[in-house]
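Chemist: Sharing a structure, written as structure tokens. Questions coming.
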Amino acid sequence: MIPVTRSTPVSSQTVQHAARDLFAAQGYRGTSMKDIAQVLGVSAPNLYNHVPSKQDLLFSIMDVAMDRALDALAAALAGVTDVAAQLHAAAAATVLDFLENPAEVTVCNTEIRSLVEPYRTTIIGKRDAYGARIRGIVERGCAEDRFHVADPRIAGYLILEMGNSAKTWFRPAGTYTARQVADQYADYALRIVGNTN
Numbered sequence: 001m002i003p004v005t006r007s008t009p010v011s012s013q014t015v016q017h018a019a020r021d022l023f024a025a026q027g028y029r030g031t032s033m034k035d036i037a038q039v040l041g042v043s044a045p046n047l048y049n050h051v052p053s054k055q056d057l058l059f060s061i062m063d064v065a066m067d068r069a070l071d072a073l074a075a076a077l078a079g080v081t082d083v084a085a086q087l088h089a090a091a092a093a094t095v096l097d098f099l100e101n102p103a104e105v106t107v108c109n110t111e112i113r114s115l116v117e118p119y120r121t122t123i124i125g126k127r128d129a130y131g132a133r134i135r136g137i138v139e140r141g142c143a144e145d146r147f148h149v150a151d152p153r154i155a156g157y158l159i160l161e162m163g164n165s166a167k168t169w170f171r172p173a174g175t176y177t178a179r180q181v182a183d184q185y186a187d188y189a190l191r192i193v194g195n196t197n
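Residue numbering for the sequence shown follows the working numbering, starting at 1 and increasing by one per position.
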């Protein structure tokens with residue numbers, strides 16, 4: 001996360017970061033382009049040199065965040081063949097993303113309703129692809145008699161929700177690092193699915 005201050009040169013990236021933080025703190029509808037400009041120390045019309053609209057800004061923030069999360073999930077699963085190890089890696093990657101990118105995650109979780117088409121469909125598609133990846137691992141574990149859950153879809157939702165849970169209490173200067181919390185939550189994910197070795 002790059003801190004944005006009045007002395008930071010204005011670019012598309014600094015506009016995105018300022019908007020991300022404001023959208024996370026006060027919501028998309030509660031944030032005006034004037035608010036974003038004020039944080040950056042520029043006039044609102046100046047922002048349009050960097051972004052076409054507030055809606056495009058919201059989409060860009062969410063699109064970058066979803067691509068980053070999908071890439072991190074793919075990297076965590078690369079070369080991992082054991083289904084329990086896959087679930088552990090996927091759960092850890094999910095929680096780690098939530099802890100390392102709390103503002104983006106907040107925006108993605110709360111502002112899909114603010115997107116217009118075709119942006120909404122694009123982001124929902126990426127969100128659903130992420131969830132399907134987790135659910136697919138749980139389904140495979142059940143098929144291999146390694147996991148024991150009544151409904152893999154519900155177990156998948158619960159595992160995805162672990163990131164939100166950790167995000168509410170985690171503090172970077174606290175007892176555990178983000179990686180340590182992610183690994184502990186991943187251990188709990190295996191218990192959720194009734195993993196048998």
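From the three backbone atoms N, C-alpha and C, an ideal C-beta is built for every residue, glycine too.
Kindly indicate which three-state DSSP category isoleucine 2 falls into: helix, strand or coil?
Modeler: In the sequence shown, counting from the first residue as 1, residue 2 sits at position 2. Note that isoleucine 2 scores a pLDDT of 46, beneath 50, so its modelled location is shaky and nothing firm can be said.
Chemist: Could you spell out where the alpha helix (DSSP H) holding proline 9 opens and where it closes?
Modeler: Numbered from 1 along the sequence shown, position 9 holds the residue referred to as residue 9. Careful: proline 9 lies outside any alpha helix (DSSP H) and carries neither H nor E.
Chemist: Where does tyrosine 28 land, buried or exposed, given buried means 16+ other C-beta within 10 angstroms?
Modeler: Locating residue 28 in the sequence shown gives position 28, counting from the first residue. Flag for tyrosine 28 reads buried.
Chemist: Taking the runs of the alpha helix (DSSP H) that are 4 residues or longer, which of them lie wholly in the segment 11-53?
Modeler: Complete alpha helix (DSSP H) runs here, min 4: 12-26, 33-40 and 44-47.
Chemist: Helix, strand or coil for proline 172, going by three-state DSSP, please let me know.
Modeler: What you label residue 172 is simply residue 172 of the sequence shown in a count that begins at 1. Here proline 172 sits in coil by DSSP.
Chemist: Are at least three pairs of beta-carbons, each pair with one atom in the segment 88-96 and one in the segment 182-191, less than 8 Å apart?
Modeler: Because the criterion of three Cβ pairs below 8 Å is met, the segment 88-96 and the segment 182-191 touch.
Chemist: Going along the chain, which residues of its own chain have a beta-carbon closer than 7 Å to the beta-carbon of glutamine 199, five neighbours each way excluded?
Modeler: In this structure the chain extends from 1 to 197, so residue 199 is not present and cannot be described.
Chemist: Since phenylalanine 98 is in the alpha helix (DSSP H), which residue starts that stretch and which ends it?
Modeler: In the sequence shown, residue 98 corresponds to position 98, counting from 1. First-last of the alpha helix (DSSP H) with phenylalanine 98: 83-100.
Chemist: Rank Ala19, Ala103 and Asp63 by C-alpha distance to the C-alpha of lysine 167 and give the top, closest one.
Modeler: Along the sequence shown, read from residue 1 onward, the residue named residue 167 stands at position 167. Minimum Cα distance to lysine 167 is reached at Ala103.
Chemist: Hey, out of Phe147, Thr31, Ala182 and Ala85, whose CA is closest to asparagine 164's CA?
Modeler: Translated into positions along the sequence shown, residue 164 becomes position 164. It is Ala182.
Chemist: Looking only at C-alpha atoms, which of Thr196, Arg133, Glu144 and Pro118 sits nearest to alanine 89?
Modeler: Residue 89 sits at position 89 when you count from the first residue of the sequence shown. The option with the nearest alpha carbon to alanine 89 is Arg133.
Chemist: Which residues in the same chain have their Cβ closer than 6 Å to the Cβ of proline 3, if we skip the five residues on either side of it in sequence?
Modeler: Here the question's residue 3 lines up with position 3 in the sequence shown. Residue confidence is low: proline 3 scores 48 on pLDDT, short of 50, so the model does not pin down where it sits. No coordinate-derived value is stated.
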